[in-house]
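In what follows, a single structure is set out as structure tokens and then discussed.
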Ligand SMILES: Cc1ncc(COP(=O)(O)O)c(C=O)c1O
Ligand SMILES: Cc1ncc(COP(=O)(O)O)c(C=O)c1O
């Protein structure tokens, strides 16, 4: 695949930007979007930046019926030198293509998508908020568009990238959340689509999430779908625990999404000389560790919240308070380090950040 | 919920209708569609029939990202007395509402939806094909439309009903198909969404289906997601076996869709004095029965194909030919009976068919 030329049509009307203190998550969108089409004859073609606008599709478009779709989520930051920074964006495109494989969607050319994203960010740069905890959330997604009611891979697709200036994912900022271990509903199972970022996984999670919220918990912690015994992940985060000095996280088993934040956290912890193990973790062993006072920290990792400390776990109607309900030391250090690197305020020894302006200039 | 008044806007241009021998499945749509909106303030409102047309939605509409959607499938027939007949349509609306519950979508008023469907059918009645094996396929579906990137139930929805004149689901008509028992991929698991008719289940099935087709099999037979041992269902059909004179079908266990054809088949078989048992059936016991010559028939049941005899099962690279690859006696009798009732050619002792014209006149 060779990188394609991206056409640009600028918006004539500019929308009002939200004030920094009014930013919510994922409700406001910028002036432009990136779009690209796929057909069997032309492959992925016509990459273009156009004014943010509704998309028009036949009611028989396959995405509405059979959910053949994938998406990604990443963020752009404005450094205090005024540079637009991305955090490991190539990892997102790589994961998009992995999801594509699972969903029978044709792979995209990473260079074209990254170049499209960079050009889009340059055009909508003024939308990147700068206040503490804010950023520009980036949502690339692919939907199947063929108007056909047979269950089969679509012959046509659209890839879009839309941008949304966001505040903190949790209204409370980095504050410990209460998480309920889910014992009835299942999000994903080995052999299913759990390790792909596809719409159906999230649809499947709504019911449990609704029940959890009605009880005052912010998220659910999913168990494996087979034995309902082993910890998998949170709604849109991977999960880490510090048990008796050792940091552990569920091993990638086919039903967990391989988070990019998870990957970065593992790198950082190792660089700091800490022991971190990816393994199968049962909820029983977690509760047991808590009972003997060894469950020292728990935190979720994901693009939206970056690091989200868990102050309380709920399992079978019992509450287990972790670290006195306070943000743990490791969670705090990880949050500060990762957001520091993301915003260009801390040195980036892994080469994780990508400067949008300078890179695009060389293209 | 009270039944609402449906407004009608007729199309000025009429599309060309396909010739009976050129009918495919789900590729051509009629001149009109039914549509209805949901908002938190107004509930389900503004039911209307309008010309078939593209729908326009914000790229952040939740269905594109989190797949919160449900659908149904049923058929209309034209009797040789010129009456439009539906087959147990109230069952489809009932199942739609069950799917809604699982997907956190607000329930619809069955009377409004059924009335909308009937009026739509009257308007597009000329589209109902009459040749052997043809019918008008009806696709009601609900999609989440709120432009919001948080994982939560949408606050707005659209329900649509679109109509497609169809030929036989399988190009070959009622001819035995080859089905591969799937041992790698999983469609659904207990606690998941398998018993709801929602997009993600079908997206999850594409990969296995693609592999099966590349090997010359028409469908896959899913096993349970937990032990990968027990028979569940086919891509869009439930499955029945005749083993040593007894008819068996997998019991509804939470991960199988409760097919309306399945339900009708069980009724008919019982009425004919045959023994039919819903139970857990392992693939091993099926293969064993085949080996001792007791697997006498296998057939799938579903709206699209009605009854689809299985002529060959493939399991672990081994082929098991059933009934010499011919349509079994029971499959044939069920097909003739059900399609006969559906078209009004046979007496309908269960009160399954609904006449559209006469019922609507009383409304
Ligand atoms: C199910 C799920 N798990 C984990 C994650 C965390 O992944 P990442 O760190 O790449 O954002 C996400 C969010 O992307 C997710 O949706
Ligand atoms: C997964 C699945 N199983 C079974 C069926 C059969 O259901 P019905 O007989 O109601 O068409 C369908 C089709 O609707 C289906 O999609």
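Residue numbers (the working numbering), protein chains in the order written: chain X, 6 to 368; chain G, 6 to 368. Glycine is no exception: its CB is placed at the ideal position from the N, C-alpha and C atoms. As the structure is a prediction and not an experimental result, all values here were calculated from the model.
Tell me whether residue 67 (chain G) counts as near ligand 1, meaning its Cβ is closer than 7 angstroms to at least one heavy atom of that ligand. Residue 67 (chain G) sits at position 62 when you count from the first residue of the second chain. The answer is no for residue 67 (chain G).
Cβ-based neighbour list, residue 282 (chain X), same chain, cut-off 6 angstroms, excluding 5 preceding and 5 following: On the first chain, residue 282 (chain X) is found 277 positions in, with the first residue counted as 1. Only 253 meet the Cβ criterion.
Under 8 angstroms between C-beta atoms of residue 141 (chain X) and residue 80 (chain X): Within the first chain, the letter at position 136 stands for residue 141 (chain X). Within the first chain, the letter at position 75 stands for residue 80 (chain X). In contact: residue 141 (chain X) and residue 80 (chain X) (Cβ atoms closer than 8 angstroms).
The beta strand (DSSP E) enclosing residue 144 (chain X), as first and last residue numbers: Along the first chain, one-based indexing puts residue 144 (chain X) at 139. It spans 140-149 - the beta strand (DSSP E) in which residue 144 (chain X) sits, taken as one unbroken run.
Please compile the residues from chain X whose C-beta is within a distance smaller than 9 angstroms of the C-beta of residue 100 (chain G). Position 95 of the second chain, counted from the start, is the residue given in the question as residue 100 (chain G). What residue 100 (chain G) touches in chain X: nothing, since even the nearest Cβ is about 15 angstroms away.
Whole-angstrom distance between residue 228 (chain G) and residue 356 (chain G), CA atom to CA atom: Locating residue 356 (chain G) in the second chain gives position 351, counting from the first residue. Locating residue 228 (chain G) in the second chain gives position 223, counting from the first residue. Approximately 34 angstroms between the Cα atoms of the pair.
Run the proximity test for residue 202 (chain X): is its beta-carbon closer than 7 angstroms to any non-hydrogen atom belonging to ligand 1? Stepping through the first chain from its first residue, residue 202 (chain X) is reached at position 197. Indeed, a heavy atom of ligand 1 lies less than 7 angstroms from the Cβ.
Pick helix, strand or coil for residue 277 (chain X), following the three-state DSSP scheme. Here residue 277 (chain X) is taken as the residue at index 272 of the first chain, counted from 1. Correct three-state label for residue 277 (chain X): coil.
Ligand 2 and residue 265 (chain G): does the residue's C-beta get closer than 7 angstroms to at least one heavy atom of that ligand? Taking the first residue of the second chain as 1, we reach residue 265 (chain G) at position 260. Residue 265 (chain G) Cβ: within cutoff of ligand 2.
With three or more beta-carbon pairs closer than 8 angstroms as the criterion, would you say the segment 212-229 of chain X touches the segment 181-188 of chain X? yes
Closer than 9 angstroms, Cβ to any Cβ of chain X: which residues of the segment 130-156 of chain G, in chain order? 142, 144, 146, 148, 149, 152, 153, 154, 155, 156
Measuring straight from C-alpha to C-alpha, what distance separates residue 236 (chain G) and residue 260 (chain G)? Here residue 236 (chain G) corresponds to residue number 231 of the second chain, with the count starting at 1. Here residue 260 (chain G) corresponds to residue number 255 of the second chain, with the count starting at 1. About 11 angstroms.
Short of 8 angstroms Cβ to Cβ, which residues in the segment 196-217 of chain X face chain G? 196, 197, 198, 203, 204, 205, 206, 207, 208, 209, 210, 211, 212, 214, 215
Against chain G, with Cβ distances strictly below 8 angstroms, would residue 238 (chain X) count as a contact? Here residue 238 (chain X) refers to the residue found at position 233 of the first chain. It does not: the Cβ of residue 238 (chain X) has no partner Cβ on chain G nearer than 8 angstroms.
Contact test: residue 254 (chain X) Cβ vs ligand 1 heavy atom, cutoff 7 angstroms: Along the first chain, one-based indexing puts residue 254 (chain X) at 249. Every heavy atom of ligand 1 is 7 angstroms or more from the Cβ of residue 254 (chain X), so no.
Could you list which residues in chain G have their beta carbon closer than 8 angstroms to that of residue 18 (chain X), in chain order? Your numbering for residue 18 (chain X) matches position 13 in the first chain. Chain G residues near residue 18 (chain X): none, gap ~16 angstroms exceeds 8 angstroms.
Only counting the same chain, and skipping five residues up and downstream in sequence, which positions put a Cβ closer than 7 angstroms to that of residue 354 (chain G)? Counted from its first residue, the second chain places residue 354 (chain G) at position 349. Taken in chain order, the list of residues that qualify is empty.
What do you reckon, are the CB atoms on residue 73 (chain G) and residue 134 (chain G) nearer than 8 angstroms? The sequence position of residue 73 (chain G) within the second chain is 68, counting from 1. The sequence position of residue 134 (chain G) within the second chain is 129, counting from 1. No.
Separation of residue 313 (chain X) from residue 197 (chain X), as counted between CA atoms: Residue mapping note: residue 197 (chain X) aligns to position 192 of the first chain, counting from 1. Residue mapping note: residue 313 (chain X) aligns to position 308 of the first chain, counting from 1. Looking at the two C-alpha atoms, the distance is approximately 27 angstroms.
Minimum Cβ-Cβ distance from residue 61 (chain G) to chain X less than 8 angstroms: Along the second chain, read from residue 1 onward, the residue named residue 61 (chain G) stands at position 56. With 8 angstroms as the cut-off, residue 61 (chain G) counts as an interface residue toward chain X.
Give me the residue from X:66, X:127, X:48, X:310 with the minimum Cα distance to residue 243 (chain X). Position 238 of the first chain holds residue 243 (chain X). The residue with the shortest Cα to Cα distance from residue 243 (chain X) is X:310.
Of the choices X:40, X:208, X:269, X:168, whose alpha-carbon is the least far from that of residue 148 (chain G)? Looking up residue 148 (chain G) in the second chain gives position 143. Answer by Cα proximity: X:208.
DSSP three-state label for residue 51 (chain G), please. As a first step, residue 51 (chain G) must be located in the second chain, where it is residue number 46. Looking at residue 51 (chain G) - three-state DSSP - the assignment turns out to be strand.
Measuring straight from C-alpha to C-alpha, what distance separates residue 217 (chain G) and residue 200 (chain X)? Against the second chain, residue 217 (chain G) aligns to sequence position 212. Against the first chain, residue 200 (chain X) aligns to sequence position 195. Answer to the nearest angstrom: the Cα atoms are 22 angstroms apart.
Any heavy atom of ligand 1 inside 7 angstroms of the beta-carbon of residue 308 (chain X)? Walking along the first chain from the start, residue 308 (chain X) turns up at place 303. At least one heavy atom of ligand 1 is nearer than 7 angstroms to the Cβ of residue 308 (chain X), so yes.
Excluding sequence positions up to five away, which residues of its chain have a Cβ less than 6 angstroms from the Cβ of residue 367 (chain G)? Residue 367 (chain G) sits at position 362 when you count from the first residue of the second chain. Because the pLDDT at residue 367 (chain G) is just 38, under 50, the model does not fix this residue reliably, and the point stays unresolved.
Segment contact flag, the segment 55-66 of chain X with the segment 314-327 of chain X, C-beta cutoff 8 angstroms, min 3 pairs: no
Within chain X, partners of residue 158 (chain G) - CB distance below 8 angstroms: To locate residue 158 (chain G), count along the second chain from 1; it is residue 153. Those are 211, 215, listed as they occur along chain X.
Does residue 419 (chain X) get closer than 8 angstroms to chain G when you measure Cβ to Cβ? Given a span of 6 to 368 for chain X in the structure shown, any question on residue 419 (chain X) remains unanswerable.
Less than 8 angstroms between C-beta atoms, sequence neighbours within five positions excluded: which residues of the same chain meet that for residue 365 (chain G)? Walking along the second chain from the start, residue 365 (chain G) turns up at place 360. In this prediction, residue 365 (chain G) scores a pLDDT of 45, lower than 50, which makes its location untrustworthy; no coordinate-derived value is stated.
Cβ-heavy atom distance between residue 78 (chain G) and ligand 2 below 7 angstroms? The sequence position of residue 78 (chain G) within the second chain is 73, counting from 1. Flag set: Cβ of residue 78 (chain G) near ligand 2.
Answer yes or no: does any C-beta atom of chain X fall closer than 8 angstroms to that of residue 72 (chain G)? As a position in the second chain, residue 72 (chain G) is number 67, starting the count at 1. Answer yes: the Cβ-Cβ gap between residue 72 (chain G) and chain X drops below 8 angstroms somewhere.
Using a Cβ-Cβ distance under 8 angstroms, would residue 364 (chain X) count as near chain G? Numbered from 1 along the first chain, position 359 holds the residue referred to as residue 364 (chain X). Legend: pLDDT at residue 364 (chain X) = 44, less than 50; position of this residue unreliable, value from coordinates given subsequently. By this cut-off, residue 364 (chain X) is not an interface position.
Would you kindly work out how many angstroms separate the C-alpha atoms of residue 271 (chain X) and residue 256 (chain X), rounded to a whole number? Against the first chain, residue 271 (chain X) aligns to sequence position 266. Against the first chain, residue 256 (chain X) aligns to sequence position 251. Spanning the two alpha carbons is a distance of roughly 12 angstroms.
Interface positions of the segment 29-48 of chain G facing chain X (Cβ-Cβ less than 7 angstroms), listed along the chain: 30, 31, 32, 34, 38
When you measure from the CB of residue 274 (chain X) to every non-hydrogen atom of ligand 1, does any distance come out below 7 angstroms? Residue numbering aside, residue 274 (chain X) sits at position 269 when the first chain is read from its first letter. Residue 274 (chain X) Cβ: outside cutoff for every heavy atom of ligand 1.
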